[in-house]
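Only one structure is covered here, and it is reproduced in the block below.
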Amino acid sequence: HGPSLYLASRIMWNPSLNVDALLDDYFTKFYGSAAEPMRSHFDRLERAFREADYHTGNVFDIPHILTPRVMLEMESSLQTAEQAVPDESIFARRVHMTRVGFDFGVEHLKMMSAVNTLDFSNAREHRDKILDQIVPEAFEHDPVLLSRRYGSAFIMRFWNTTVQSGYERITNGNEVVARLPDEWLFMLDPFDGGEALGLWKPGIGTGSWRPLKTWSRSWSNQGLRYYKAPAWYRTTAKVDNRFRGRSIRLWLGGVDESAKAWINGRELKLVESGLAPIGRPWEFDATEAIRFGQP
1080 HGPSLYLASR
1090 IMWNPSLNVD
1100 ALLDDYFTKF
1110 YGSAAEPMRS
1120 HFDRLERAFR
1130 EADYHTGNVF
1140 DIPHILTPRV
1150 MLEMESSLQT
1160 AEQAVPDESI
1170 FARRVHMTRV
1180 GFDFGVEHLK
1190 MMSAVNTLDF
1200 SNAREHRDKI
1210 LDQIVPEAFE
1220 HDPVLLSRRY
1230 GSAFIMRFWN
1240 TTVQSGYERI
1250 TNGNEVVARL
1260 PDEWLFMLDP
1270 FDGGEALGLW
1280 KPGIGTGSWR
1290 PLKTWSRSWS
1300 NQGLRYYKAP
1310 AWYRTTAKVD
1320 NRFRGRSIRL
1330 WLGGVDESAK
1340 AWINGRELKL
1350 VESGLAPIGR
1360 PWEFDATEAI
1370 RFGQP
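In the numbering used here, the protein residues as written are 1080 to 1374.
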């Protein structure tokens, strides 16, 4: 926020000031010989958000904004800046402040990607790096480099339980028996009549259902920003015969609001509710509902 706060502090007192000249002044004085690459670094960040065709206030959209290409360009400019300043100089310390925040973003994006691919061992490594290395350094720095609200508290509230719960379900003899797809069939139920209509039944017609992404895109980015009522999802998955006789759970990494689940026409017993706080997994006992070897 350094460039933005500097501009605000100057322009609020004199709105006729030249923005480019102010930014030149800021980067030259604050970063010394690293002024040019640091300005490129922040310019690329601002441009990514400014040009994003997404709702930029939602963390789940961040991977669509800070794409691998954007992150690679920002890493390159940051490395150039690090090489341009003398070691242990005030300018090196200031560049490193940005490095800490950037590394938080890198690890956060990697953690999100690992969760979405059910690679919970990798997700836990990235979570631990954030909580055990990056956040402590940021909090111990003077001035503090990360908001306490959006540092460890954010990770603990929205990601920690999902990462840890997912990890426990792929270790100690547990394993993934089927991966559910990103895209499901979807239907709105604004009057909450779907259960009475039997939308949970197998074999019903789906001509009026629409495809909807579950983890790669948010509701907001699929035209459902203001919808506040029940909705139904349908999909198919196949569980191999080798899992017959074992306990099978339907595990959903996170559901905003409440959830019920049916498999093959049978309502599943809720094992763990993720209703509160948001960001916790939902788990249902699917053992008796599975038709092994069949979709």
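The beta carbon of each residue, even a glycine, is placed where N, CA and C say it ideally should be. Being a predicted model, the structure only gives us computed values, none of them experimental.
What residue from the options has the CA that sits closest to residue i's CA?
i       : options                               : result
Ala1171 : Asp1207, Pro1215 and Met1117          : Met1117
Trp1341 : Gln1212, Leu1278, Gln1301 and Gly1230 : Leu1278
Ala1027 : Phe1106, Val1138, Val1149 and Ser1119 : Outside the modelled stretch of the chain, which goes from 1080 to 1374, sits residue 1027, for which no answer is possible.
Gly1184 : Leu1224, Ser1095, Pro1281 and Lys1339 : Leu1224
Ser1200 : Ser1244, Ser1083, Leu1264 and Thr1146 : Ser1244
Ile1144 : Glu1336, Glu1130 and Ser1155          : Glu1130
Thr1285 : Trp1263, Asn1300 and Leu1157          : Trp1263
Rounding to the nearest angstrom, what Cα-Cα distance links residue i and residue j in this structure?
i       : j       : result
Leu1102 : Leu1086 : 7 Å
Ile1249 : Gly1358 : 19 Å
Thr1177 : Met1153 : 11 Å
Glu1274 : Gly1344 : 11 Å
Arg1228 : His1220 : 16 Å
Ala1365 : Lys1317 : 13 Å
Phe1121 : Trp1298 : 29 Å
Ile1327 : Asp1261 : 20 Å
Thr1159 : Glu1115 : 9 Å
His1205 : Val1242 : 10 Å
Glu1346 : Thr1315 : 15 Å
Gln1162 : His1080 : 22 Å
Thr1319 : Phe1371 : In the sequence as displayed, the identity of residue 1319 is Asp instead of Thr. Whole-angstrom Cα-Cα distance: 6 Å.
Leu1291 : Gln1373 : 24 Å
Leu1197 : Phe1106 : 42 Å
Ser1112 : Tyr1305 : 48 Å
Asp1132 : Met1191 : 20 Å
Arg1041 : Asn1253 : Residue 1041 lies beyond the stretch modelled for the chain, which goes from 1080 to 1374, so this question has no answer here.
Ala1193 : Tyr1246 : 11 Å
Gln1212 : Pro1281 : 49 Å
Ala1308 : Asp1207 : 36 Å
Ile1141 : Ile1369 : 36 Å
Leu1151 : Val1256 : 35 Å
Ala1334 : Ile1169 : The sequence given here places Val at residue 1334; Ala does not occur at that position. Each residue's Cα considered, the two are about 46 Å apart.
Helix, strand or coil: how does DSSP classify residue i here?
i       : result
Met1153 : helix
Pro1215 : helix
Glu1115 : helix
Asp1339 : It should be pointed out that residue 1339 corresponds to Lys in this sequence rather than to Asp. In the structure shown, Lys1339 sits in coil (DSSP, three-state: anything other than H, G, I, E or B).
Leu1096 : coil
Trp1298 : coil
Lys1108 : helix
Glu1274 : helix
Leu1101 : helix
Ala1310 : strand
Leu1291 : strand
Trp1330 : strand
Lys1348 : strand
Met1266 : strand
Val1128 : Looking at the sequence itself, residue 1128 is Phe, so the reference to Val does not match. Correct three-state label for Phe1128: helix.
Asp1221 : coil
Asp1198 : coil
Trp1361 : strand
Ser1244 : helix
Leu1259 : coil
Trp1141 : One point to set straight first is that residue 1141 is Ile, not Trp, in the sequence displayed. Residue state, collapsed to three classes: helix.
Thr1177 : helix
Ile1369 : coil
Tyr1229 : coil
Ile1249 : coil
His1378 : This structure does not reach residue 1378, given that the chain is present from 1080 up to 1374, and the question cannot be answered.
Would you say the beta carbon of residue i comes nearer than 7 Å to a heavy atom of the ligand SAM?
i       : result
Asp1140 : For the ligand SAM, the structure offers nothing, since it holds no ligand at all.
Run the CB neighbour count on residue i, radius 10 Å, all protein chains shown included, and call it buried at 16 or more, exposed below.
i       : result
Glu1186 : buried
Phe1233 : buried
Trp1330 : buried
Glu1362 : buried
Ser1231 : buried
Gly1332 : buried
Trp1238 : buried
Leu1124 : buried
Ile1283 : exposed
Phe1270 : exposed
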